[in-house]
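Heads up: the structure comes next, in structure tokens.
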Amino acid sequence: MGWELKFKNSVKKDFNNIGFLESAKIMKSLNDFIENFSEDQERILLKNGNIKRLKGSLEGCYRLRLRTYRVIYEKRENELIILVLRVGSRGDVY
Numbered sequence: 001m002g003w004e005l006k007f008k009n010s011v012k013k014d015f016n017n018i019g020f021l022e023s024a025k026i027m028k029s030l031n032d033f034i035e036n037f038s039e040d041q042e043r044i045l046l047k048n049g050n051i052k053r054l055k056g057s058l059e060g061c062y063r064l065r066l067r068t069y070r071v072i073y074e075k076r077e078n079e080l081i082i083l084v085l086r087v088g089s090r091g092d093v094y
């Protein structure tokens, strides 16, 4: 069984602010991300900077870089769920 992608309710507002075309591109990238998600893939993305462990008030969360957008997510290993908390431009999501 693979990882499942879930969204916090407030992410809908984030997508509305981004617009339909960009939201569709982000969703495709997120689906590709979750389809290929594994510990090895995560290590590669952490090493090349596309994923970053967050600190401070967002400790325990991760940032995924998708072009000019950032996806803040929480990884729930015991449930195999990636919960998306925020989506937006770099200045808006932190």
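Oh and the sequence shown: position 29 is 29 in the numbering used here, straight run, nothing missing. No residue lacks a Cβ here, since even glycine has one placed at the ideal position from N, Cα and C.
Measure the C-alpha to C-alpha separation of residue i and residue j and round it to an integer number of angstroms.
i, j, result
"L66", "K8", "18 angstroms"
"L64", "G2", "19 angstroms"
"R70", "L45", "14 angstroms"
"F33", "Y94", "21 angstroms"
"R76", "I51", "16 angstroms"
"K28", "L54", "24 angstroms"
"G49", "R43", "10 angstroms"
"D40", "L85", "23 angstroms"
Pop quiz: residue i and residue j are said to be a contact at Cβ under 8 angstroms. What is the actual Cβ separation, rounded to whole angstroms?
i, j, result
"V87", "F15", "6 angstroms"
"C61", "E79", "Not a contact, Cβ separation roughly 16 angstroms."
Could you check where the beta strand (DSSP E) with residue i kicks off and where it finishes?
i, result
"E77", "First-last for E77: undefined, no H or E at that position."
"R65", "61–66"
"L5", "4–7"
Tell me which residue opens and which closes the alpha helix (DSSP H) that residue i is part of.
i, result
"G91", "90–93"
At a Cβ threshold of 8 angstroms, is residue i touching chain B?
i, result
"F37", "Considering every chain present, this structure includes no chain B. It has just one protein chain."
Runs of alpha helix (DSSP H) wholly within the segment 16–51 (minimum 4 residues, chain order): For the segment 16–51, whole alpha helix (DSSP H) runs of length 4 or above, ordered along the chain, are 20–35, 39–48.
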